[in-house]
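Undergrad:
4 protein chains.
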Amino acid sequence: MDSIHSFDSRHPANLICSLSNQFFHKEWCLGTGGAMSIRDTTTNYIYITPSGVQKELMQPKDLYVLTKNENKNKNRNQPYPYDIIYSPPLKISDCSPLFLACHEHKDANAVIHTHSQNSVLITLLFDKEFNISNMEQIKAMPSGRKDPETGKQINLSFNDNLCIPIIDNRPHEHDLLNSLKDVFEKYPNACAVLVRRHGLFVWGPTIDKAKIYNESIDYLLGLAIKMHQLNIHI
Amino acid sequence: MDSIHSFDSRHPANLICSLSNQFFHKEWCLGTGGAMSIRDTTTNYIYITPSGVQKELMQPKDLYVLTKNENKNKNRNQPYPYDIIYSPPLKISDCSPLFLACHEHKDANAVIHTHSQNSVLITLLFDKEFNISNMEQIKAMPSGRKDPETGKQINLSFNDNLCIPIIDNRPHEHDLLNSLKDVFEKYPNACAVLVRRHGLFVWGPTIDKAKIYNESIDYLLGLAIKMHQLNIHI
Amino acid sequence: MDSIHSFDSRHPANLICSLSNQFFHKEWCLGTGGAMSIRDTTTNYIYITPSGVQKELMQPKDLYVLTKNENKNKNRNQPYPYDIIYSPPLKISDCSPLFLACHEHKDANAVIHTHSQNSVLITLLFDKEFNISNMEQIKAMPSGRKDPETGKQINLSFNDNLCIPIIDNRPHEHDLLNSLKDVFEKYPNACAVLVRRHGLFVWGPTIDKAKIYNESIDYLLGLAIKMHQLNIHI
Amino acid sequence: MDSIHSFDSRHPANLICSLSNQFFHKEWCLGTGGAMSIRDTTTNYIYITPSGVQKELMQPKDLYVLTKNENKNKNRNQPYPYDIIYSPPLKISDCSPLFLACHEHKDANAVIHTHSQNSVLITLLFDKEFNISNMEQIKAMPSGRKDPETGKQINLSFNDNLCIPIIDNRPHEHDLLNSLKDVFEKYPNACAVLVRRHGLFVWGPTIDKAKIYNESIDYLLGLAIKMHQLNIHI
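Residue numbers (the UniProt record's numbering), protein chains in the order written: chain A, 1 to 234; chain B, 1 to 234; chain C, 1 to 234; chain D, 1 to 234.
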């Protein structure tokens, strides 16, 4: 692949750049923090952000593009069989094994990772899980169940419990892979994981859904922190 | 109706889209939360937002347009006699019966619904009503009384009490209809209602007025929460 | 005067509109709150905002223009001898007598009035005065003294005390005039006054200075409130 | 030098202006507060902001340009041998001796100074140093050590301690020079210093790095303050 370029604002590379800019201004991706990954369902190409780039300045040419190669040898550092078909003169995000794990095991076509202050603070107030219920915004979150007739995702109801597992941070992001896989197994309906003193990973079937989940979770985390400050039992 | 399109920035469809974008950036309508309805007083068409659309990306073509049909059969799910004359390939907001109730019973030509964090938190600090007085911003709120000479709405004075009733949330938004009608009866001068653990509904004679009321209420809710944190008696 | 129109972004009418928009987005002028006045030192025209207009949408044609007429009869409601030479189909800001008082008695060529939450909250934490010292930002504030050689305003030093008097609110803004005049007499060096449960008035020799003072005061008020929350003695 | 003008958005003068505007909207440089300095590594020209200019309105023509002149006599007020080769009709930032010290002694090509509220508040919670560890964002900060093979800066690891020294403020910014030099000596790996009741200075090998460090530090200061409010041990 020679270059990434499209005039379509809905092209994965353009979406990653416009959302990175939006998330920077939300203060979720300061100091080059955070990362994102989108799988294009027509080409199966996966677009991943590089590390070290200021998120508000991200451009399509800065992204990595990967494609699946089942024949590729896997190893500890490259646990998923993907070839890089476009690489900028930058390091690929250290989160990329985590992103590929979401694409491979969760049928996710988009993964968003932020360092939002709400996501860091909540992991200092809760231990193994963040649970919340009886909040209207929960209805924007997926239950993990599908409607048996339409096959469409069913969202949580107002009274349902939203559970986001919390895992401990590791010095290198790719070392979180085993903990993430444990989450996949123990919380099959989860669409997000909090990493203590680090941030939030959210995945979804489309980038629109992943963004809506990410926004709703951050809103709920923010509410929970304010409730804690106001001595209101969650 | 074939399509919604106007170059007039004051057209109801354009106003809903520009305000949805503004409210998203105020963090009042994250994760597709919130909704809006405007009745065009010349055509009597009612424009209503769909559900599931990211508010900062809302476009006129995404809106529903309804018109009154007195002959229409009413039932539990469609308690008001309106025909849909334009529908996008999206679900109509679950709030639409509430919006129509405001248009029908309160002479409102605009209704704004948000999930602002202030509106959720205040319902955890207060039980049946939120009351505030002796705040300059109260003067931007309507008293519900009209000047006997000019027929114009009289606003509250600095020393007047602003009362916003609080109702409990229900699993489905349209199930709030009976509670809303109770509010209409018990608080005939109210222009807003808080829904516990959910958000705020505000109505007004014009979209400009509804926006000004909504902004002023959210400001007063925010002040009240900060006063609570500072141990200042409201 | 037939109309207000200028392509110069530094024209008082354009500055009032661009700053009103900026202050709206700072959440200082929500729900049509706040007001502003600028005296053009070449023409001596005074430009004043109307009431009831959304500040982010303010346009030059919405402003009032006044000019001095020493022969004009003064009365209780019009205590300063000014003629209106341009009026939009809107009410003039109820603050206008206060603005004219600043122009007349304080040599101010610009007055800014906001409803910032910091300014309201601080009047609930302090009684007659807000005092702060030993903050770098104080150096952006005027001392009220002039350099005997250059005649230029001298700003406060880091160790100096900044004192902002607090007056009680009245039902009508023009009823604050007497309290404001008392402030002029008792605090001859003040460039701002806080009105309890209402907001902040700031004046300066130019609109740039008034804006810098207003910004610096709001920053210091915000710091003082956070210090209070953190149990740090101011 | 007759004028500063470049169409290249990466020219130091343009970067100072666009970042000043960005930092104003982050509320780091209100009321003309804050300052910045960049050394162009090709020409060795140093671009420095003037004092008294609103940061969101800064233009290239407002900046000072300095160049080194080893033959220049040094004195107490001009401790570094630089000639001014372009000067606007404005005072140079009172921080300029501090900026030159960073350029001279720390190999810094960029220095950022802000009055962020986080940076002021943290100096009221901590005495001589601000220390934090076990936060993912720390990994965006430099360790001060270089990779012996590549010669590239090594960043801190998740478990490393980030230490930012705190010095007391002085009435005049240039009087901070001795304290700053003490910091250089005592904390050779530091890339930032907090000034009590004043703000933050951050330096780096490039303006991009200095900006990333500044953003990351402010984020960590903000987290530490919120942790304090939530009674979470840092």
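Each residue gets a CB set at the ideal place from its N, CA and C atoms; glycine is no exception.
Note that this is a predicted model, so its numbers are computed, not measured.
#1: Mind pulling the beta strand (DSSP E) runs of 3 or more residues that sit fully within the segment 5-45 of chain A?
#2: If I follow the unbroken alpha helix (DSSP H) through residue 83 (chain D), where does it start and stop?
#3: Any beta-carbon of chain A closer than 7 Å to the one on residue 10 (chain B)?
#4: Does the beta-carbon distance from residue 210 (chain B) to residue 32 (chain C) come in below 7 Å?
#5: Chain C partners of residue 118 (chain B), CB-CB under 8 Å?
#6: From residue 29 (chain C) to residue 198 (chain C), what distance separates their C-alpha atoms?
#7: Taking one C-beta from the segment 124-143 of chain A and one from the segment 40-48 of chain A each time, how about it: are there three or more such pairs within less than 8 Å?
#8: Could you check whether the Cβ of residue 63 (chain D) sits closer than 7 Å to any Cβ belonging to chain C?
#9: Do the CB positions of residue 103 (chain C) and residue 35 (chain C) come within less than 7 Å of each other?
#10: Entirely within the segment 51-139 of chain D and at least 4 residues each: give me those alpha helix (DSSP H) ranges in chain order.
#11: Mind checking whether residue 143 (chain D) and residue 156 (chain D) have CB atoms under 7 Å apart?
#12: Mind checking if residue 14 (chain B) is an interface residue toward chain C, Cβ cutoff 7 Å exclusive?
#13: If you reduce the DSSP assignment to three classes, tell me which class residue 194 (chain D) lands in.
#14: Does the Cβ of residue 115 (chain D) have 16 or more other Cβ atoms within 10 Å, making it buried, or fewer, making it exposed?
#15: Please report the straight-line C-alpha distance between residue 82 (chain C) and residue 62 (chain C), rounded to a whole angstrom.
#16: Listed from N- to C-terminal order along the chain, which residues in the segment 32-60 of chain A have their beta-carbon within a distance smaller than 8 Å of any beta-carbon of chain D?
#17: Taking the C-alpha atoms as reference points, what is the distance between residue 224 (chain B) and residue 234 (chain B)?
#18: State yes or no: is the beta carbon of residue 174 (chain B) nearer than 7 Å to at least one beta carbon in chain A?
#19: List the residues of chain C whose Cβ lies closer than 8 Å to the Cβ of residue 169 (chain D), in chain order.
#20: What do you get for residue 180 (chain D), buried or exposed, if any count of 16 or more other CB atoms within 10 angstroms of its CB means buried?
#21: Measuring alpha carbon to alpha carbon, tell me which residue in C:97, C:59, C:119 and C:60 is nearest residue 219 (chain B).
#22: With 7 Å set as the bound, which would you pick, yes or no: does the beta-carbon of residue 105 (chain D) sit closer than that to a beta-carbon of chain C?
#23: Under 7 Å between the Cβ atoms of residue 60 (chain C) and residue 4 (chain C)?
#24: Is the CB of residue 198 (chain B) under 7 Å away from at least one CB in chain A?
#25: Is it true that the CB of residue 65 (chain C) sits closer than 7 Å to the CB of residue 86 (chain C)?
#26: Out of curiosity, what's the CA-to-CA distance linking residue 15 (chain D) and residue 213 (chain A)?
#27: Name the chain A residues whose beta carbon is nearer than 9 Å to that of residue 216 (chain D)?
#28: Assuming residue 108 (chain D) contacts residue 12 (chain D) under a Cβ cut-off of 8 Å, what Cβ separation, rounded to an integer in Å, is found between them?
#29: Run through DSSP, which three-state label would residue 47 (chain A) get?
#30: For residue 68 (chain C), tell me which candidate among C:51, C:76 and C:47 has the shortest Cα-Cα distance.
#31: Using only the alpha-carbon positions, how far apart do residue 96 (chain C) and residue 193 (chain C) sit?
#32: Counting only beta-carbon atoms, is residue 223 (chain D) nearer than 7 Å to chain A?
#33: Considering only the alpha carbon of each residue, which of D:182, D:45, D:55 and D:51 lies closest to residue 21 (chain D)?
#34: I believe residue 134 (chain A) touches residue 159 (chain A) by the beta-carbon criterion, under 8 Å. Please report the beta-carbon distance rounded to the nearest angstrom.
#35: Please list the residues of the segment 139-164 of chain A that have a C-beta atom closer than 7 Å to any C-beta atom in chain B, keeping them in chain order.
#36: Going straight from the alpha carbon of residue 26 (chain A) to that of residue 75 (chain D), what length do you get?
TA: Inspection of the coordinates gives the following:
#1: Runs found: 35-39.
#2: As a working mapping, residue 83 (chain D) is identified with position 83 in the fourth sequence. Element bounds for residue 83 (chain D): not the alpha helix (DSSP H) but the beta strand (DSSP E), 82-86.
#3: In the second sequence, the residue the question calls residue 10 (chain B) occupies position 10. Not one chain A Cβ lies under 7 Å of residue 10 (chain B).
#4: For the purposes of this step, residue 210 (chain B) is taken as residue 210 along the second sequence, with counting starting at 1. For the purposes of this step, residue 32 (chain C) is taken as residue 32 along the third sequence, with counting starting at 1. Against a cut-off of 7 Å, the Cβ pair of residue 32 (chain C) and residue 210 (chain B) comes out as no contact.
#5: Sequence index remark: in the second sequence, residue 118 (chain B) carries index 118 (1-based). Listed by position along chain C, the residues whose Cβ is nearer than 8 Å to that of residue 118 (chain B) form an empty set, because the closest Cβ is around 11 Å away.
#6: Residue 29 (chain C) sits at position 29 when you count from the first residue of the third sequence. Residue 198 (chain C) sits at position 198 when you count from the first residue of the third sequence. Taking the straight line joining both Cα atoms gives about 12 Å.
#7: no
#8: What you label residue 63 (chain D) is simply residue 63 of the fourth sequence in a count that begins at 1. Under the Cβ criterion of 7 Å, residue 63 (chain D) is not counted among the residues facing chain C.
#9: By 1-based counting over the third sequence, the position of residue 103 (chain C) is 103. By 1-based counting over the third sequence, the position of residue 35 (chain C) is 35. No, the pair does not count as a contact, with Cβ atoms beyond the cut-off.
#10: 96-105 and 117-125
#11: On the fourth sequence, position 143 is the one that residue 143 (chain D) refers to. On the fourth sequence, position 156 is the one that residue 156 (chain D) refers to. For residue 143 (chain D) and residue 156 (chain D), yes; Cβs fall inside 7 Å.
#12: Here residue 14 (chain B) corresponds to residue number 14 of the second sequence, with the count starting at 1. So, not an interface residue.
#13: Position 194 of the fourth sequence, counting from 1, holds the residue named residue 194 (chain D). Of the three classes helix, strand and coil, the one that applies to residue 194 (chain D) here is strand, per DSSP.
#14: To locate residue 115 (chain D), count along the fourth sequence from 1; it is residue 115. So residue 115 (chain D) counts as buried.
#15: Sequence index remark: in the third sequence, residue 82 (chain C) carries index 82 (1-based). Sequence index remark: in the third sequence, residue 62 (chain C) carries index 62 (1-based). Going from the Cα of residue 82 (chain C) to the Cα of residue 62 (chain C) covers about 19 Å.
#16: 32, 33 and 54
#17: Mapped onto the second sequence, residue 224 (chain B) falls at position 224. Mapped onto the second sequence, residue 234 (chain B) falls at position 234. Those two C-alpha atoms are separated by around 7 Å.
#18: Walking along the second sequence from the start, residue 174 (chain B) turns up at place 174. Closer than 7 Å: no.
#19: Sequence index remark: in the fourth sequence, residue 169 (chain D) carries index 169 (1-based). Within 8 Å Cβ-Cβ: 134, 136 and 158.
#20: In the fourth sequence, the residue the question calls residue 180 (chain D) occupies position 180. When all chains shown are included, residue 180 (chain D) counts as buried.
#21: For the purposes of this step, residue 219 (chain B) is identified with residue 219 of the second sequence, where counting begins at 1. That would be C:119, whose Cα lies nearest to the Cα of residue 219 (chain B).
#22: If you number the fourth sequence from 1, residue 105 (chain D) lands on position 105. It does not; no Cβ of chain C falls within 7 Å.
#23: As a position in the third sequence, residue 60 (chain C) is number 60, starting the count at 1. As a position in the third sequence, residue 4 (chain C) is number 4, starting the count at 1. The answer is yes: Cβ separation under 7 Å.
#24: The count along the second sequence starts at 1 and reaches residue 198 (chain B) at position 198. By this cut-off, residue 198 (chain B) is an interface position.
#25: Position 86 of the third sequence, counted from the first residue, corresponds to residue 86 (chain C). Position 65 of the third sequence, counted from the first residue, corresponds to residue 65 (chain C). In this structure, residue 65 (chain C) lies closer than 7 Å to residue 86 (chain C) by Cβ.
#26: In the fourth sequence, counting from the first residue as 1, residue 15 (chain D) sits at position 15. In the first sequence, counting from the first residue as 1, residue 213 (chain A) sits at position 213. Cα to Cα, residue 15 (chain D) sits roughly 35 Å from residue 213 (chain A).
#27: By one-based count along the fourth sequence, residue 216 (chain D) stands at place 216. Those within 9 Å of residue 216 (chain D) in chain A are 30, 31, 32 and 33.
#28: Within the fourth sequence, residue 108 (chain D) is the residue found at index 108, counting from 1. Within the fourth sequence, residue 12 (chain D) is the residue found at index 12, counting from 1. About 13 Å separates the two Cβ atoms, so there is no contact after all.
#29: Within the first sequence, residue 47 (chain A) is the residue found at index 47, counting from 1. Residue 47 (chain A): strand per DSSP, three-state reduction.
#30: On the third sequence, residue 68 (chain C) is found 68 positions in, with the first residue counted as 1. Out of C:51, C:76 and C:47, C:47 has the C-alpha closest to the C-alpha of residue 68 (chain C).
#31: The residue labelled residue 96 (chain C) in the question sits at position 96 within the third sequence. The residue labelled residue 193 (chain C) in the question sits at position 193 within the third sequence. C-alpha separation (whole angstroms): 15 Å.
#32: Here residue 223 (chain D) corresponds to residue number 223 of the fourth sequence, with the count starting at 1. True, the Cβ-Cβ gap to chain A drops below 7 Å.
#33: Within the fourth sequence, residue 21 (chain D) is the residue found at index 21, counting from 1. The residue among D:182, D:45, D:55 and D:51 with its C-alpha nearest the C-alpha of residue 21 (chain D) is D:55.
#34: For the purposes of this step, residue 134 (chain A) is identified with residue 134 of the first sequence, where counting begins at 1. For the purposes of this step, residue 159 (chain A) is identified with residue 159 of the first sequence, where counting begins at 1. Rounded to whole angstroms, the Cβ separation of residue 134 (chain A) and residue 159 (chain A) is 6 Å, and the two are in contact under 8 Å.
#35: 140, 157, 158 and 159
#36: Counted from its first residue, the first sequence places residue 26 (chain A) at position 26. Counted from its first residue, the fourth sequence places residue 75 (chain D) at position 75. The straight-line gap from Cα to Cα measures roughly 46 Å.
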